[in-house]
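Numbering (the working numbering), first residue to last: 20 to 562.
The beta-carbon is built from N, C-alpha and C at its ideal position, and this holds for glycine as well.
Below is one structure; the comments refer to it alone.
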């Protein structure tokens with residue numbers, strides 16, 4: 020599959036979210052997917068950075084939003100005009116090719132303006148003066164193209180028309196001709212003989228058959244003979260349509276779109292405009308297509324694979340506009356909605372990477388040493404070195420197999436990773452501690468969030484409890500959370516201190532048998548947000 024595929028975990032990414040995205044993207048590449056890339060939906064935490072650095076990986080690119088842009092639409096091909104293009108070319112482009120308006124570009128294809136039938140209508144039906152082509156600097160090439168003539172002899176010495184348009188009937192009236200003048204006549208020998216001597220620089224001769232046309236031309240004739248297979252009358256009508264569109268182009272208040280414009284921006288402009296189609300340009304200003312209202316329905320949606328989550332609230336901004344190809348997850352199945360069938364792999368294990376390990380095995384694909392190290396890191400992180408109640412025998416078995424491939428000691432590497440991950444940076448604020456692993460949930464009618472801080476130095480972090488209480492209340496107020504729970508977890512002391520907050524914090528107090536005047540409590544043996552905190556909150560919300 021050559022189309023670009025995005026693989027990513029949840030917002031506020033943890034080690035499983037990041038490492039599983041990398042590992043699964045690698046598996047897909049081994050299976051023949053050539054354009055698949057892992058991303059992260061936020062900054063990398065210390066623990067994940069430790070794992071990535073240990074196994075020589077760069078952090079995945081950051082993906083902040085996945086909004087549909089103009090480049091994701093099936094743009095209609097466009098025929099562009101130059102400023103020198105004739106009225107006839109413009110009519111053909113507007114009516115037969117582009118429909119509605121047509122872009123006018125410079126020699127590099129950059130947008131200069133647009134033109135519509137309304138703009139050229141006066142010149143299209145109006146009678147032109149004899150010197151109109153001269154005044155409008157009509158390129159002589161336009162005359163050749165519009166009349167579909169063949170050059171029988173010579174060349175026109177100027178790039179644009181320098182004289183007047185004269186018919187043979189006017190020549191018979193003894194009207195003097197000047198250099199640069201163009202004389203139109205029929206294929207009559209006596210007319211042709213007189214035309215040669217008329218002084219006109221260009222003779223346009225109407226004939227029945229261009230291939231059998233003959234004419235004696237003296238060697239001292241300095242002009243051009245153009246032969247056209249039509250009548251004199253048609254030549255006169257067509258030559259009026261050779262005028263360049265330069266003076267008719269709309270250059271003011273020009274409406275167009277760029278490839279990186281979002282659909283929301285486009286809709287707002289399109290539905291408020293009197294125009295029906297709009298040029299689309301790239302970052303250099305080169306026209307690459309046309310866009311109309313109907314084209315907004317023809318979207319080439321971005322292809323995505325979700326790992327370690329399946330809830331819209333935890334996914335990338337704009338996920339509703341993407342085509343979800345697969346979901347690999349170990350959480351509860353929530354409110355994800357898709358527009359087409361997909362591959363959904365959800366299993367009750369402690370880590371997404373445990374499932375991905377099974378997918379490698381089922382595909383008979385070998386796991387590279389560095390990828391095995393990342394998957395091991397994810398399992399040890401999500402199961403808190405196998406202490407979490409979410410940990411299963413499958414997680415342990417997968418971890419030991421991956422450790423063997425990666426060439427590391429589980430106990431030593433795991434403790435080093437946990438300690439590195441729980442270290443608090445000097446510049447880290449209470450707000451960042453709370454929000455870097457924060458997940459939001461809907462508990463019935465209650466908007467809630469649960470944040471978790473894993474620490475190897477519980478004593479130091481416990482001194483921050485008053486300021487953490489204050490900040491989590493502020494987050495509830497700013498983000499409109501009804502109830503919030505902050506988990507401060509340590510596998511060293513064997514449990515979690517929780518702080519509850521929010522206008523409906525009584526829900527959390529009931530869930531964990533707290534008194535009305537209590538907002539903190541230590542829960543021994545509690546390590547898992549998913550299995551030990553969220554289910555209790557959900558049960559309390561139903562009471």
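Between residue i and residue j, how many whole angstroms is the CB-CB distance? I'm expecting something under 8 Å.
i: residue 183; j: residue 153; result: 7 Å
i: residue 220; j: residue 205; result: At roughly 19 Å, the Cβ-Cβ gap does not stay under 8 Å, so residue 220 and residue 205 are not in contact.
i: residue 488; j: residue 435; result: With a Cβ gap of about 31 Å, residue 488 and residue 435 do not count as contacting.
i: residue 258; j: residue 162; result: 6 Å
i: residue 597; j: residue 304; result: Given that the chain is displayed from residue 20 to residue 562, the structure contains no residue 597 and the question cannot be resolved.
i: residue 282; j: residue 316; result: Not quite, the Cβ-Cβ distance comes to about 11 Å (not below 8 Å), so this is no contact.
i: residue 268; j: residue 244; result: About 33 Å; that fails the 8 Å criterion.
Once you ignore the five residues that flank residue i on each side, which residues in its own chain have a CB closer than 7 Å to its CB?
i: residue 229; result: 169, 246 and 248
i: residue 352; result: 329 and 365
i: residue 471; result: 456, 506, 508 and 548
i: residue 425; result: 388, 391, 392 and 395
CB-CB under 8 Å to residue i, same chain, minus the five flanking residues each way: which ones, in chain order?
i: residue 28; result: 35, 36, 37, 39, 40, 59, 60, 325, 326, 327, 328 and 371
i: residue 533; result: 519, 527 and 540
i: residue 558; result: 530
i: residue 340; result: 85, 86, 87, 282, 318, 320 and 321
May I have the straight-line CA-CA distance separating residue i from residue j, to the nearest angstrom?
i: residue 433; j: residue 306; result: 55 Å
i: residue 376; j: residue 483; result: 39 Å
i: residue 567; j: residue 497; result: Nothing about residue 567 can be read from this structure; the chain reaches only from 20 to 562.
i: residue 84; j: residue 174; result: 60 Å
i: residue 270; j: residue 458; result: 51 Å
i: residue 545; j: residue 554; result: 13 Å
i: residue 200; j: residue 287; result: 52 Å
i: residue 255; j: residue 106; result: 14 Å
i: residue 504; j: residue 409; result: 19 Å
i: residue 30; j: residue 469; result: 13 Å
i: residue 47; j: residue 55; result: 7 Å
i: residue 73; j: residue 66; result: 11 Å
i: residue 361; j: residue 348; result: 13 Å
i: residue 78; j: residue 492; result: 32 Å
i: residue 404; j: residue 381; result: 26 Å
i: residue 33; j: residue 100; result: 53 Å
i: residue 171; j: residue 217; result: 18 Å
With 16 as the cutoff for other CB atoms within 10 Å, does residue i come out buried or exposed?
i: residue 479; result: exposed
i: residue 272; result: exposed
i: residue 297; result: buried
i: residue 1; result: The displayed coordinates of the chain run from 20 to 562. Any statement about residue 1 would go beyond what the structure contains.
i: residue 231; result: exposed
i: residue 238; result: exposed
i: residue 359; result: exposed
i: residue 321; result: buried
i: residue 64; result: buried
i: residue 114; result: exposed
i: residue 535; result: exposed
i: residue 334; result: buried
i: residue 379; result: buried
i: residue 523; result: buried
i: residue 227; result: exposed
i: residue 57; result: buried
i: residue 108; result: buried
Any Cβ of chain C within less than 8 Å of the Cβ of residue i?
i: residue 216; result: You won't find chain C in this structure, because it holds only one protein chain.
Residue i by DSSP, collapsed to three states: which one?
i: residue 377; result: helix
i: residue 426; result: coil
i: residue 38; result: helix
i: residue 495; result: helix
i: residue 177; result: coil
i: residue 503; result: strand
i: residue 151; result: helix
i: residue 97; result: coil
i: residue 348; result: strand
i: residue 471; result: strand
i: residue 392; result: helix
i: residue 409; result: coil
i: residue 262; result: coil
i: residue 342; result: strand
i: residue 189; result: helix
i: residue 308; result: strand
i: residue 485; result: helix
i: residue 524; result: coil
i: residue 509; result: strand
Under 6 Å Cβ to Cβ from residue i, same chain only, skipping five residues before and after it: list those, please.
i: residue 104; result: 264
i: residue 135; result: 120
i: residue 332; result: 459
i: residue 474; result: 441, 480 and 509
i: residue 187; result: 204 and 210
i: residue 342; result: 320 and 322
i: residue 401; result: 35, 369 and 370
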